[in-house]
Every structure is written in structure tokens, then in C-alpha cells.
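Undergrad: Have a look at this one.
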Amino acid sequence: MVGRVSEEIEVKVPASEAWKLYGTLQLANIVREALPNLISKIDVVQGDGSAGTILHLFFAPGRAGPSSYKEKFTVVDDERRVKETEVVEGGYLDLGFTLYRVRFEVVEKEGNKEECVTRSTVEYELKEEAAANAALVSIQPLVAVMQVAADYLTKNYNTTTTTN
Numbered sequence: 010m011v012g013r014v015s016e017e018i019e020v021k022v023p024a025s026e027a028w029k030l031y032g033t034l035q036l037a038n039i040v041r042e043a044l045p046n047l048i049s050k051i052d053v054v055q056g057d058g059s060a061g062t063i064l065h066l067f068f069a070p071g072r073a074g075p076s077s078y079k080e081k082f083t084v085v086d087d088e089r090r091v092k093e094t095e096v097v098e099g100g101y102l103d104l105g106f107t108l109y110r111v112r113f114e115v116v117e118k119e120g121n122k123e124e125c126v127t128r129s130t131v132e133y134e135l136k137e138e139a140a141a142n143a144a145l146v147s148i149q150p151l152v153a154v155m156q157v158a159a160d161y162l163t164k165n166y167n168t169t170t171t172t173n
């Protein structure tokens, strides 16, 4: 079984500014602080935020889905402003998924270089005998991440541009 879910939101900052957050480990730090009901802890196992970086994410108790997993940054493309991560240990892999990939994209808004669109996508492959676990896939946690990032970017970008 193969599936894909995606969502996007508009952000009133240039794509280059949004990517400064999405393309680094700073996003994980902001999300952990802003969403303790989603993520209780994030450990950097190895890397500096570039491709090959491995994070160990621990989720808040009481939510559906895995309690933790390790993910690896498989793509961090500064030119296309795309970051992809794949679960490499635990979590969804223990629930019958053979692939669980998250992609963040930052796209310049056509006709307006001062705004962008952030898009999150979950792509997954699941063994047929575990097909019922597809119900655990949700884009909502990533929408929450994008909203926290948008709020952070809007607040901090507007602050720096008004003081310059």
C-alpha cells in the first residue's frame, strides 16, 4: 500500500528567509519549544543539519502513533529549497511501514517575492498486512510545525526589516 498526504500554507516572508529556518536544525529547536504537546525531545544523533543528519524524535505521551523514531535527512537542497527526511529506525517502521518520508518545500510565491508557500508532504509505503496502520498517517502535526514556523518567521522577519 502506497500513500501520500500534503498541505501548504502561505507565509508573508521571502522564500529565502523561510529557507534559512527550514534548511537548518533551527526548525527542530523552535518546534520543540513551541509544541511540547507534540514533541517532548529531539536529539541530534549525528550531523549539522545537512544531508546525512540523523535526529531522534520523542513524541509527547498520549498521542496516536509511535512514541519515538530516528529520522535521517536524505535531501537538503538549498537551491530548490527542499528538505526530505526518512524514518530509519523505530516508530513507523515497527508498525509495518517500509517507507515513511517527510518533505518540506519552500516555494517563492509567483508574482510576489516578499511571500512564499511552505508545503509539507508525507509519503509512505506500508506492508499489506499492516494496511490498517495507514490511519496513523496524519499531515496535521506537520501543519502545526508549518504554522509555528510561519508565526516565528513573520514575527522575526518583520522585526528585523522594520528596524533596518
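To convert, count from 1 in the sequence shown and add 9; that's our numbering.
For every residue, glycine included, the Cβ atom is placed at its ideal position computed from N, Cα and C.
Would you kindly work out how many angstroms separate the C-alpha atoms of L145 and G99, rounded to a whole number?
TA: The straight-line gap from Cα to Cα measures roughly 15 Å.
Undergrad: Candidates T127, P75, I39, K81: which alpha carbon is nearest E93's?
TA: The shortest Cα separation from E93 among T127, P75, I39, K81 belongs to K81.
Undergrad: Taking the alpha helix (DSSP H) that K29 falls in, what are its first and last residues?
TA: That run of the alpha helix (DSSP H) goes 24 to 31.
Undergrad: From D160 to N38, what does the alpha carbon distance come to, in whole angstroms?
TA: Approximately 14 Å, taken between the alpha carbons.
Undergrad: Once you ignore the five residues that flank V115 on each side, which residues in its own chain have a CB closer than 6 Å to its CB?
TA: Answer for V115: A24, A27, W28, Y31, R90, C125, T127, listed in chain order.
Undergrad: Less than 8 Å separating the beta-carbons of L151 and V22?
TA: No, the Cβ-Cβ distance between L151 and V22 is not below 8 Å.
Undergrad: Do we get a CB-CB distance below 8 Å when we pair E19 with the residues of chain B?
TA: In the displayed structure, chain B is absent; only one protein chain is listed.
Undergrad: Can you tell me where the beta strand (DSSP E) with V14 in it begins and where it stops?
TA: Note, V14: beta strand (DSSP E), 11 to 20.
Undergrad: Go through its chain and collect everything with a Cβ distance to V154's Cβ below 6 Å, but skip five positions before and after it.
TA: The answer, listed in chain order, is V40.
Undergrad: Going by other Cβ atoms of all chains shown within 10 Å of its Cβ, with 16 needed for buried, is A158 buried or exposed?
TA: Buried: at least 16 other Cβ atoms inside 10 Å.
Undergrad: Could you name the residues that DSSP lists as bridge partners for Q55?
TA: Looking at the DSSP assignment, Q55 forms a beta bridge with I63.
Undergrad: Classify P75 as buried or exposed, calling it buried when 16 or more other Cβ atoms lie within 10 Å of its own Cβ.
TA: With 16 or more other Cβ atoms within 10 Å, it is buried.
Undergrad: Rounded to the nearest angstrom, how far is the Cβ of V85 from that of S59, given a contact under 8 Å?
TA: Yes, they are in contact, since the Cβ atoms of V85 and S59 sit about 5 Å apart, within 8 Å.
Undergrad: Output needed for G105: all residues of its chain with C-beta closer than 6 Å, excluding positions within five of it in sequence on either side, in chain order.
TA: Hits under 6 Å: L135, K136, A139, N142.
Undergrad: What residue from Q156, K164, Q149 has the CA that sits closest to R72's CA?
TA: R72 has its Cα closest to that of Q149, out of Q156, K164, Q149.
Undergrad: Measure the C-alpha to C-alpha separation of E95 and Y133 and round it to an integer number of angstroms.
TA: Answer to the nearest angstrom: the Cα atoms are 10 Å apart.
Undergrad: Can you give the beta carbon distance from K118 to E19, rounded, assuming they're within the 8 Å contact cut?
TA: That pair is a contact at about 7 Å.
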